[in-house]
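Protein chains in written order, with this note's numbering: chain A, 59 to 151; chain B, 84 to 266; chain C, 156 to 1140; chain D, 25 to 440.
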């Protein structure tokens, strides 16, 4: 993945078209959640070695936020989904 | 006091460097195209896409899900706006001045563009009629294949000078020339 | 004459003689020569000096792994240091010089290091040069640095162009030897998009150097015909002079094409080198195999080279590297070299075969010394004889060159760049390519094939298999017969012990067997430690020749298999790549794209000095005749705006149009202040926080219609804000119907500010813009006289009555001209960002000088904006943490020097009066400062500990960097019109 | 064996055959007072200072590979203390002072070379930022100078003054900054620690942390269980992996940073130079190689290798800053995995588990911190309280709202 990402909307594109935000797993807590939950959301990271979901923004393409499901040790990419679709799928599970 | 306001193209000065006729590989800049950003609202993407396909005198360029550029070199802005705004679920922003439209054509066009974009432009992969946003000469652009050896590039106005310089620099090897389309 | 050009043979064009110079002396070479072959043809064996001991050196190889023959090629600004003579294509007029020698290549003072070598063993520098401490930097290190490096870099701008390119293919074949050619042919004939890249200027690889017949024609002829066939296929791209240097994720390969390195007068329309990023569905590594040198005392003498190199010079370049050669071998390669030499009438004095099982006689009756070894070499600047030993008996062998063969190692570098380690094969006595998945496989010599036929077959088979995987019907190639191959087997010999002279494993860095021993004794036993401690494998060839020998020798010292030792990590680049090629055209003034405002031409016309602001160029000030410094201009502009009116280009601010039924709610959540109740036709200042409660960006957002807004951002943060909005909309609240589009480029936007702004504007705009009809923060689409539609905003960043007028970009210059014309009587002036900065400091408005990514809204006095009653907004929850609300935080204040004409500079720190400078006493810093012509003195905004309660206190502005200490008084951060009466005029 | 000119002289006459191992290869004991996980620069320096400064010698350093195989052996060797914030500045200054006395201290020549570091600025606002930083340094007594364009030109005439996209307006100069031979740092600390009784155990991977009654009692390793009274983590890019064995929640994301070396060249660049309009930095080693690097690859990665785009971008910045580099050739690229913290600053602290200590979050500034990190971590382990200069580097600072955000980029690690 380090080199190419296959955007679900635009096809295969080079890394320079994207900007990378970080872990996609943390979910923004409800406004009423406890301080501890908010702290964890903003500051604590699972940071696993291996399979990892990460937010990439296709800034030079469709401008959609994507969830890139990848292995951060081998750099293999398992899938790339639109972040909104990812949320919907997650909610459906 | 009535104002007589002159419209000026951003590449006016850049293009001065090119004199004489067009070579086989040529870059033409369209002086006053009509361009609109078309946004489909939630749940309306399919309908909007269908309606856009039927628009007259308007070429539709894909930007991303629910977003297109509507381009016309023949119709006026009002006419284009009227057609587009009749589509339910659409928001429009005019970009006729915010975007610069260039057409690049010739036998070496793919070899020139290979220095400018990362996308595979082999006709089996990026076919005639296809368009997409992509990085071109370090700038976010919309690229469309309009013929076997013809592509149209739309870039933000503020970057147009930079992109023009780089395109022509990368075209030197293939004797690329440039002019306004009406020149 | 010891090395010379033969009368016939070789893939060189004898009709095309080329003239070149080496160290000032003129030589003749031929078209098709490398610099090395041409020098050898002229009996110039001595080409270089080694790094540490400055030993005389010639070529060891005929290829890209050459560690010795590094020369500077070219002169003046085009001089390239450390070019390998063995791969540098000769051209007419080429100028080359030797390196790392003084005063001359033959007489090099540095060679004295060789005498001191017992003291300069591996790691010696870690153990000494420590006393006295100050001597390291004053004496020892300068001495060491003087000896550093090989070639000289001309640190001047490069006159040549470079560029980058993308390529896409079904199959990339790396290496155009027998395996690569067959692979490309099969894939090309199958209809796949094929790229065949080879580092050499002539495709063919070993076929150009090996004396065999393929399908009854010479190998080089077979290569030529195959290449012609490939060239005729439209789906095949041949890329000679192209080195694939790196294998990256997702089957992206980096390659560099030397477009004009071989050209005497480069064309300005072509790049010197071109970087390729090749995206391949499949790739075949057909990079061949490397012949290993033998490690024996004096194995670095000029004239000692690999047996394969001797054949290359002989068969490809028609050069005999000596007139009397000896051969030291552990397998068939040495015998093949002997056969090729004797067939051309060149004397071979002996074959020293390290094996017990060896023939009685060599080709043409050459004597074979079985179970023998070379233990010493004689000669100063080139080999004059050697001492061979067999069963304790030593004899002198007459020779002026020695061909050595220590077996073969597949060249697996590229396949090991992504983490996989090569695998030791006992059978092949070599490290083999690892399995890295089916998309990238090794074929031919790189896969351990050791005959040309095996290479042809392997290349064809690997390509055919890949064609099937890619859905092509694989072309069935008929494999030609190959005649005259030699027995490729060899028996491992890692080194010849007992030599007096050094037995080198890394020629360039002068690492010898003794150094490996020191490393083992001292505990640097892991192969990476051995490498780092001895520097073996760290030279410009990155251990291509020596690393396998190092592993074998260390294994021997430790009594284990080389499998247990392993190799060091292979990393890009396969061979060194120039900065120029990797940088391409994006350098110097083209380092980043330029953004120009639609009012750029207007500003230029009005005498603007421009300043970089991110990618933009913005007008900084507009000098008038008679103004000596920028301050003169800025002071005038400020005063004129306050007294009359000014026009400023604000087009670079980010502009985002926002649409949708959910837009109001969305804005209410991304801004910390309220946005739900913003009426249509009004603008509001908004403050965005990051989720950690720190201020992110600010700007105004205007409601154009019920579900349509336009947001402005700061120039610097436009892209970040857009990405942030998209992130919030797409991942936090996808249920809100809200859409965004950048319209920054659509509008030329200008700020018309000053008490006379309305009068001037009313001459341009048809609509009623009286204070009643168009009050502070009003927004409306207006019609300019003549009919052009424009957007008008009554917003101010100067504290004056001000408007921002936005017109379609192409009309920007014309409208700005018209405003200047309309305001002539009111003495309107153009003003730039410097004046704008002064105006806003006078008003205490903050920018990213204050909002530096560490400040809260409260820190800059905007705490009240935070609508904590809202259920949610970005940054709400974490903004209340103790550390972000503590009373001793730095808070925005104003500063006035006690003496108004004493300058305060941004970046100064603050101290209490009479306090000693220390971190404990540090009270904060000056964030913005300027001369205020309005107030007639210097003023500043500062972030001061608990600043808001310290109004009136006298402090010291401490600027040690610039040697200033200025007493100042803390004041409110609004210096001018604190009641904002002028905004509402 | 003590190293000196004499030892080299003596060895030379015995054919260099009598050199003894720089460190032992001990088998693990059953129990140590302190076990340090991670035989990189920070782990080894911690062991060294525990033994030397605090008299705690029953210490083991456990390294899963060979010592120095992590970032201490794959960086660009720069040392400096030109930090902005109070939370960092005194700490890095202590580090620089320790570097200055290091060779004598551990009898190993790590070639500390104070060549001076210049950080270029390209705009007025950047100059203001650097002035703020430089004045902050001076407040703490650290050397700092603000150079104007002409001063920079005199020192480095080869920089791009005439055709730059972002003109060089000046630089922040720290004379005492410089470079150190990186491998030698690991080796010197290892040898020094070993001589004082520390067991440096290579090829011993920790696979679990055993806890009883809420405290750590030892670690499971590939060489069996090893007991300890205190456990200290100094695992850099692998901090999370090890921390998870003790259920630690950490504000760490692992990223990859590349570095490069050119072919050996005769000396042309004297100083360490940092580009202000990008991330590029460069120096020239005593062997002649130009050593340089730039920004992160930006994605989470535990792979010690980089991508081509970053390589290209690095070279673009390099040639833009120093046009004459164009014809120099790059020899090798490598990459290290970085424990990027959420505010870009490190953590040296106790953890919620009483006898478990944490040293992490070095981002890509870990090398220069090596001595102070070891010193302060040893202090913390020995005394159970933070060293004065590391008192802000707390694990709970995020919850309390006391971030040390040198870059002002907020909680997104790859922006720091």
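From the three backbone atoms N, C-alpha and C, an ideal C-beta is built for every residue, glycine too. As the structure is a prediction and not an experimental result, all values here were calculated from the model.
Q: Sort 131/A, 116/A, 133/A by Cα distance to residue 125/A and report the nearest one.
A: Start at 1 with the first residue of the first chain, and residue 125/A comes out as number 67. Comparing Cα-Cα distances from residue 125/A to each of 131/A, 116/A, 133/A, the minimum goes to 116/A.
**Q.** Closer than 9 Å at the beta carbon, the chain B residues around residue 150/A
**A.** For the purposes of this step, residue 150/A is taken as the residue at position 92 of the first chain. What residue 150/A touches in chain B: nothing, since even the nearest Cβ is about 17 Å away.
Q: May I ask you to verify whether the region 430–439 of chain C touches the region 519–533 of chain C, counting CB pairs closer than 8 Å and requiring at least 3?
A: no
(Q) Less than 6 Å between C-beta atoms, sequence neighbours within five positions excluded: which residues of the same chain meet that for residue 399/C? (A) Position 244 of the third chain, counting from 1, holds the residue named residue 399/C. The answer, listed in chain order, is 329, 352, 408, 410.
Q: Determine the extent of the beta strand (DSSP E) in which residue 149/A is found, giving its start and end residues.
A: As a first step, residue 149/A is located in the first chain; it is residue number 91 there, counting from the start. Where residue 149/A is concerned, there is no enclosing beta strand (DSSP E), although the alpha helix (DSSP H) it sits in stretches over 141–150.
Q: Return the chain-ordered ranges of every beta strand (DSSP E) run that is complete within the region 248–322 of chain D and spans a minimum of 3 residues.
A: 248–257, 276–288, 296–298, 305–308
Q. Just how far apart, CA to CA, sit residue 1116/C and residue 155/D?
A. On the third chain, position 961 is the one that residue 1116/C refers to. On the fourth chain, position 131 is the one that residue 155/D refers to. Spanning the two alpha carbons is a distance of roughly 7 Å.
(Q) Using a Cβ distance threshold of 8 Å, determine whether the region 95–112 of chain A contacts the region 78–87 of chain A, with at least three qualifying pairs required. (A) yes
Q. Between 105/B, 225/B, 241/B, which lies nearest to residue 773/C when the distance is taken from Cα to Cα?
A. Translated into the one-based positions of the third chain, residue 773/C becomes position 618. Comparing Cα-Cα distances from residue 773/C to each of 105/B, 225/B, 241/B, the minimum goes to 241/B.
Q: Taking residue 763/C as the query, report the chain D residues whose CB atoms sit under 7 Å from its CB, ordered along the chain.
A: To locate residue 763/C, count along the third chain from 1; it is residue 608. Ordered by position in chain D, no residue passes the 7 Å Cβ test against residue 763/C, which lies about 16 Å from the chain.
Q.
For residue 142/A, tell me which candidate among 450/C, 253/C, 1074/C, 890/C has the shortest Cα-Cα distance.
A. Counting from 1 along the first chain, the entry for residue 142/A is found at position 84. Ranking the options by Cα distance to residue 142/A, first place goes to 890/C.
(Q) Using only the alpha-carbon positions, how far apart do residue 693/C and residue 222/C sit? (A) Within the third chain, numbered from 1, the residue matching residue 693/C stands at position 538. Within the third chain, numbered from 1, the residue matching residue 222/C stands at position 67. Spanning the two alpha carbons is a distance of roughly 11 Å.
Q: Would you mind sorting residue 979/C into buried or exposed? The rule is 16 or more other CB atoms within 10 Å of its CB.
A: Counting from one through the third chain, the residue named residue 979/C turns up at place 824. Flag for residue 979/C reads exposed.
Q) If you draw a straight line from the alpha carbon of residue 133/A to that of residue 145/A, how long is it in whole angstroms? A) Position 75 of the first chain, counted from the start, is the residue given in the question as residue 133/A. Position 87 of the first chain, counted from the start, is the residue given in the question as residue 145/A. Their Cα atoms are separated by approximately 23 Å.
Q) Does the separation of the CB atoms of residue 754/C and residue 967/C fall below 8 Å? A) Stepping through the third chain from its first residue, residue 754/C is reached at position 599. Stepping through the third chain from its first residue, residue 967/C is reached at position 812. For residue 754/C and residue 967/C, yes; Cβs fall inside 8 Å.
Q. Just how far apart, CA to CA, sit residue 406/C and residue 217/D?
A. The residue given as residue 406/C occupies position 251 in the third chain. The residue given as residue 217/D occupies position 193 in the fourth chain. Taking the straight line from one Cα to the other gives about 45 Å.
Q: Run down chain D in chain order and give the residues with a C-beta less than 9 Å from the C-beta of residue 1062/C.
A: Position 907 of the third chain holds residue 1062/C. What residue 1062/C touches in chain D: 151, 152, 153, 154, 155, 156, 157, 158, 159, 170.
Q. What are the residues of the region 109–135 of chain B that lie near chain A, defined by any Cβ-Cβ distance shorter than 7 Å?
A. none
Q) If we cut at 8 Å on Cβ distances, does residue 219/C have a partner in chain B? A) Counted from its first residue, the third chain places residue 219/C at position 64. Taking Cβ atoms only, chain B never reaches closer than 8 Å to residue 219/C, which makes this a no.
(Q) Check whether the region 583–597 of chain C and the region 300–312 of chain C touch, using three or more Cβ-Cβ pairs below 8 Å as the test. (A) no
Q. Along chain A, which residues have their Cβ under 9 Å away from the Cβ of residue 437/D?
A. Residue 437/D sits at position 413 when you count from the first residue of the fourth chain. What residue 437/D touches in chain A: 80, 103.
Q) The beta strand (DSSP E) spanning residue 849/C covers which residue range? A) Within the third chain, numbered from 1, the residue matching residue 849/C stands at position 694. Taken as a continuous stretch (DSSP letters only), residue 849/C belongs to no beta strand (DSSP E), as it is neither H nor E.
Q. Just to confirm, are residue 114/B and residue 263/B a CB contact at a threshold of 8 Å?
A. Taking the first residue of the second chain as position 1, residue 114/B is located at position 31. Taking the first residue of the second chain as position 1, residue 263/B is located at position 180. Closer than 8 Å, so yes.
Q: Establish whether the CB of residue 199/B and some CB of chain A are separated by less than 8 Å.
A: As a position in the second chain, residue 199/B is number 116, starting the count at 1. No, residue 199/B lies away from the interface with chain A (no Cβ there is under 8 Å from its Cβ).
Q. Is the CB-CB distance between residue 365/D and residue 390/D below 8 Å?
A. Reading the fourth chain from its first residue, position 341 is the one you call residue 365/D. Reading the fourth chain from its first residue, position 366 is the one you call residue 390/D. Result no, Cβ atoms of residue 365/D and residue 390/D do not sit closer than 8 Å.
**Q.** For residue 935/C, the three-state DSSP class (helix, strand or coil)
**A.** Looking up residue 935/C in the third chain gives position 780. Looking at residue 935/C - three-state DSSP - the assignment turns out to be strand.
Q) Taking Cβ positions, are residue 813/C and residue 897/C nearer each other than 8 Å? A) Working through the third chain from its first residue, we reach residue 813/C at position 658. Working through the third chain from its first residue, we reach residue 897/C at position 742. Cβ distance not < 8 Å, so residue 813/C and residue 897/C don't count as in contact.
Q: Take residue 1106/C and list the residues in its own chain whose beta-carbon comes closer than 8 Å to its own, dropping the five residues that flank it on each side.
A: Indexing the third chain from 1 puts residue 1106/C at position 951. 1048, 1125, 1126, 1127.
Q | Same chain only: Cβ atoms within 7 Å of residue 346/C, ignoring 5 sequence neighbours per side | A | As a first step, residue 346/C is located in the third chain; it is residue number 191 there, counting from the start. Excluding positions up to five away in sequence, the list reads 390, 627.
**Q.** chain B residues whose Cβ lies nearer than 8 Å to that of residue 67/A
**A.** Taking the first chain and counting its residues from 1, one reaches residue 67/A at position 9. Neighbours of residue 67/A on chain B, chain order: 147, 148.
Q) Taking one C-beta from the region 650–665 of chain C and one from the region 440–455 of chain C each time, how about it: are there three or more such pairs within less than 8 Å? A) yes
**Q.** Alpha-carbon spacing of residue 359/C relative to residue 378/C, whole angstroms
**A.** The residue given as residue 359/C occupies position 204 in the third chain. The residue given as residue 378/C occupies position 223 in the third chain. Residue 359/C and residue 378/C: Cα-Cα distance of roughly 5 Å.
**Q.** CB contact below 8 Å: residue 1011/C versus chain A
**A.** Against the third chain, residue 1011/C aligns to sequence position 856. No, residue 1011/C does not count as interfacial toward chain A.
(Q) Distance check for residue 331/C and residue 228/D, CA to CA, integer angstroms please. (A) Stepping through the fourth chain from its first residue, residue 228/D is reached at position 204. Stepping through the third chain from its first residue, residue 331/C is reached at position 176. Taking the straight line from one Cα to the other gives about 45 Å.
Q | Own chain, CB closer than 7 Å to residue 12/D, minus 5 neighbours either side, in chain order | A | For residue 12/D there is no data in the structure shown, the boundaries of chain D being 25 and 440.
Q: Kindly list, in the order they appear in chain D, the residues whose Cβ is closer than 9 Å to that of residue 109/A.
A: For this step, residue 109/A is matched to residue 51 along the first chain. None at all; the shortest Cβ gap to chain D is about 11 Å.
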